[in-house]
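For the sequence shown, UniProt numbering begins at 1 and goes up steadily by one. Think of the CB as a built atom: it goes at the ideal place given N, C-alpha and C, for glycine as much as any other residue. Computed from a predicted structure; not experimentally measured.
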Amino acid sequence: MEQGCCQFISQVISLTSRNRDHFGHENWDHQLKLAVAWNRVDIARSEIFTDDHEWKPADLHPVMAAALIANKPDFVKLFLEQGVRLKEFVTWDTLIYLYENMAPSSLFHSKLQKVLVEEKECSAFSKVPVIQLHHVSQVLREDLLIWAIVQSRKELAEIIWAQWCPRVTLGTSLSSAHCPRLALVSALLGVFTECYRKDEERAQKLLIRVSEAWGKTTCLQLALEAKNMNFVSHGGIQAFLTKVWWGKLCVDNGLWRVILCMVFFPLIYTSFVTFRYPYLTRTRAFFTAPVVIFHLNILSYFSFLWLFAYVLMIDFQETPSWREYFIYFWLFSLVCEETRQVPGGDFWNKLDVCAILIFIAGWIPSTLYPGRIILSLAFIIFCLRLMHIFTVSKTLGPKIIIVKRMMKDVFFFLFLLAVWVVSFGVAKQAILIHNEERVDWIFRGVVYHSYLTIFGQIPSYIDGMEPRCSPNGTDPYKPKCPESNKDKRPVFPEWLTVILLCLYLLFTNILLLNLLIAMFNYTFQQVQEHTDQIWKFQRHDLIEEYHGRPSAPPPFILFNHLQLFVKRVLLRVCGEVAYPFLLVSPDSTL
Numbered sequence: 001m002e003q004g005c006c007q008f009i010s011q012v013i014s015l016t017s018r019n020r021d022h023f024g025h026e027n028w029d030h031q032l033k034l035a036v037a038w039n040r041v042d043i044a045r046s047e048i049f050t051d052d053h054e055w056k057p058a059d060l061h062p063v064m065a066a067a068l069i070a071n072k073p074d075f076v077k078l079f080l081e082q083g084v085r086l087k088e089f090v091t092w093d094t095l096i097y098l099y100e101n102m103a104p105s106s107l108f109h110s111k112l113q114k115v116l117v118e119e120k121e122c123s124a125f126s127k128v129p130v131i132q133l134h135h136v137s138q139v140l141r142e143d144l145l146i147w148a149i150v151q152s153r154k155e156l157a158e159i160i161w162a163q164w165c166p167r168v169t170l171g172t173s174l175s176s177a178h179c180p181r182l183a184l185v186s187a188l189l190g191v192f193t194e195c196y197r198k199d200e201e202r203a204q205k206l207l208i209r210v211s212e213a214w215g216k217t218t219c220l221q222l223a224l225e226a227k228n229m230n231f232v233s234h235g236g237i238q239a240f241l242t243k244v245w246w247g248k249l250c251v252d253n254g255l256w257r258v259i260l261c262m263v264f265f266p267l268i269y270t271s272f273v274t275f276r277y278p279y280l281t282r283t284r285a286f287f288t289a290p291v292v293i294f295h296l297n298i299l300s301y302f303s304f305l306w307l308f309a310y311v312l313m314i315d316f317q318e319t320p321s322w323r324e325y326f327i328y329f330w331l332f333s334l335v336c337e338e339t340r341q342v343p344g345g346d347f348w349n350k351l352d353v354c355a356i357l358i359f360i361a362g363w364i365p366s367t368l369y370p371g372r373i374i375l376s377l378a379f380i381i382f383c384l385r386l387m388h389i390f391t392v393s394k395t396l397g398p399k400i401i402i403v404k405r406m407m408k409d410v411f412f413f414l415f416l417l418a419v420w421v422v423s424f425g426v427a428k429q430a431i432l433i434h435n436e437e438r439v440d441w442i443f444r445g446v447v448y449h450s451y452l453t454i455f456g457q458i459p460s461y462i463d464g465m466e467p468r469c470s471p472n473g474t475d476p477y478k479p480k481c482p483e484s485n486k487d488k489r490p491v492f493p494e495w496l497t498v499i500l501l502c503l504y505l506l507f508t509n510i511l512l513l514n515l516l517i518a519m520f521n522y523t524f525q526q527v528q529e530h531t532d533q534i535w536k537f538q539r540h541d542l543i544e545e546y547h548g549r550p551s552a553p554p555p556f557i558l559f560n561h562l563q564l565f566v567k568r569v570l571l572r573v574c575g576e577v578a579y580p581f582l583l584v585s586p587d588s589t590l
């Protein structure tokens, strides 16, 4: 039945093509209109667009409009292939015609009718005015792409978008063959690039505008949750983050100017630094800028580490000195700040919590020396926290990311290494030593000596000769002597332990260590290829942290915490939203 219908349509169009109008020309226009009405793009390609008739682009404009209104994307593609240019097709009259013929059931049609009714009520005429483009502009900006979008015609919108943005289309078409997600990201970047090119400020507002349809979240939040590095590394988004980083200061101020103003405070009242808004209170605007808060915290942290190191090495007494008490007070301010940041729970916060817990464990007055050892371990972790400040640097930031990923490689490599270390260590210990009962010396022989052998420290007793040893293992400070006979010769074959050592070094030094180097090299290349994107993505976390951080550095941050406690707990005043980059009003005009 369907095949017969197709043959009938083909015959009708073929007969129509032989008809002539009153001027004697073949009725190609009528033939094409029939093909569009019946949605037979295959017949149009084979029977109409042939060498028998040459079509001018202007002749296809009426049927192009009909195909758009009837939502027939295949014909729109065909007409574009035949030479129709959207720049020539899209005119004021064409747009008005398209909006006049919108589906009455569409939401946008009802909004247009509402605008027309309001204009009728405000005018002296009783007749509803005809749709004009200034009516459309009251709802949306005039554009053929917008016309397709407001009617939810996805395929038409993609075709029109491809014509307006050929560069983005090329990237989209290439990537869509491999991954539809890449095509979507490419189109998304193209849309934001066009918005940013037209109006930077409004495009940045779009990033932080809260949308009810997305669960009261923003475009930037969605991109961060999806880990879309391509989108976050866009120049427009990075310009927005830079603006947030500098706060109310102009981004043109050099960093050296900011540091000088931190040292010589009165300089902020001169033209040495400039602000985005001249009517601001300069003191508050300067010290609430995230870039200033960041450098004040760096100065504070270095001071804390210097004082901590001084107490550990020079002034660690049974009765704590004022310097040690001051460290406890400083640490208490850090604990308060970490409590405030707990909902974040990123890697650096966990590292801070670990350092604080170890510090508290070492705070034992009755055990002076063990307490100093534990505090020394806490000092190491506090120093590791310094790596976080390097993430703001475009040069050092990616290197920190490389180090973190290499640590994961080392973690998995240790599993392979442990197999060889333990197997060789147990075999060596069993061959050389008979019934060693001291656990500490068993650990030294199995793990410690086997591990150091990898780095060239070959045990002197590997062939059975150990001059400094205890024959029966009675001396706790000496290892037990290898098993020997009455002539004080080793009872085991010496060549066996030497062969085992050679095989052990072959697999560990050559195979496993080169495997680790290869893993490091792969990780480095993987990060290095996307260094710029990764750094820009990680940069957001640092800016977000210091955007919502109290302006005073530790230990003076306790005054901010006290103010926050009074405001939130005692006065029951609701705080700010957790995410700082929000245009809170969802219906604000962009």
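Rounded straight-line distance, which links the Cα of residue j to that of residue i
i           : j    : result
K205        : L357 : 42 Å
W363        : F304 : 17 Å
R340        : L564 : 10 Å
R284        : V210 : 27 Å
F75         : R276 : 52 Å
Y196        : A226 : 22 Å
residue 630 : I534 : In the structure as shown, the chain starts at 1 and stops at 590, and residue 630 therefore has no counterpart that could be examined.
E81         : A70  : 19 Å
C469        : L377 : 33 Å
T172        : N228 : At T172 the pLDDT is 41, less than 50, meaning the model places this residue with poor confidence; the figure from the coordinates comes in the next sentence. About 16 Å.
T281        : T217 : 32 Å
P482        : E436 : 10 Å
L414        : I499 : 24 Å
D42         : P62  : 20 Å
E439        : F455 : A quick correction: the sequence has Val, not Glu, at residue 439. If I take the Cα positions, the gap works out to 24 Å.
F79         : C219 : 36 Å
I458        : L452 : 8 Å
A148        : K154 : 7 Å
H449        : K478 : 14 Å
L260        : Y269 : 13 Å
T474        : F507 : 35 Å
K350        : T319 : 31 Å
L241        : I517 : 36 Å
E212        : L542 : 27 Å
L312        : R202 : 54 Å
Y369        : I314 : 14 Å
N509        : P471 : 33 Å
K515        : A157 : Residue identity differs from the one stated: residue 515 is Leu in this sequence, not Lys. If I take the Cα positions, the gap works out to 51 Å.
L375        : M407 : 24 Å
K198        : L86  : 20 Å
Other residues of its chain near residue i: CB distance less than 6 Å, five sequence neighbours each side excluded
i    : result
P553 : L296, N297, S300
S333 : P554, P555, I557, L558
H22  : Here H22 scores only 43 on pLDDT, less than 50, and its place in the model is too uncertain to base an answer on.
S551 : F287, T288, I293
Bridge partner(s) assigned by DSSP for residue i
i    : result
K480 : S470
R323 : The partner list for R323 (beta bridge, DSSP) is empty, contrary to what the question assumes.
L249 : F275
S211 : T217
Rounded Cβ spacing between residue i and residue j (contact assumed at less than 8 Å)
i    : j    : result
G236 : E200 : 7 Å
K536 : Q238 : 6 Å
R385 : A418 : So it is not a contact: roughly 29 Å between Cβ atoms.
A65  : V36  : Actually they do not touch by this definition, with Cβ atoms about 10 Å apart.
Q60  : I48  : First, the residue type needs correcting, since residue 60 is Leu and not Gln in the sequence shown. That pair is no contact at about 11 Å.
I431 : T497 : 6 Å
Sequence-distant residues of the same chain with beta carbon closer than 7 Å to residue i, five excluded per side
i    : result
V292 : V258, M262, F286
P398 : V527, T531, I534, W535
L188 : F231
L571 : none
F89  : H61, M64
F524 : I402
N39  : K72
Same chain only: Cβ atoms within 8 Å of residue i, ignoring 5 sequence neighbours per side
i    : result
V447 : V421, V422, G425
P166 : The predicted model places P166 with a pLDDT of 44, which falls under 50 and marks its position as unreliable, so this point remains unresolved.
C336 : I557, L558, H561
CB contact below 8 Å: residue i versus chain B
i    : result
K227 : Protein chain content of the structure displayed is limited to a single chain, and chain B is not contained in it.
>> Threshold first: 4 residues or longer. Then list the alpha helix (DSSP H) segments lying entirely within the segment 376 to 448, N to C.
In response: 397 to 432, 439 to 443
>> Give the list of continuous alpha helix (DSSP H) stretches no shorter than 4 residues that lie fully inside the segment 290 to 317.
In response: 290 to 313
> Which residue spans inside the segment 544 to 575 form an unbroken alpha helix (DSSP H) run of at least 4?
Replying inline: 557 to 565
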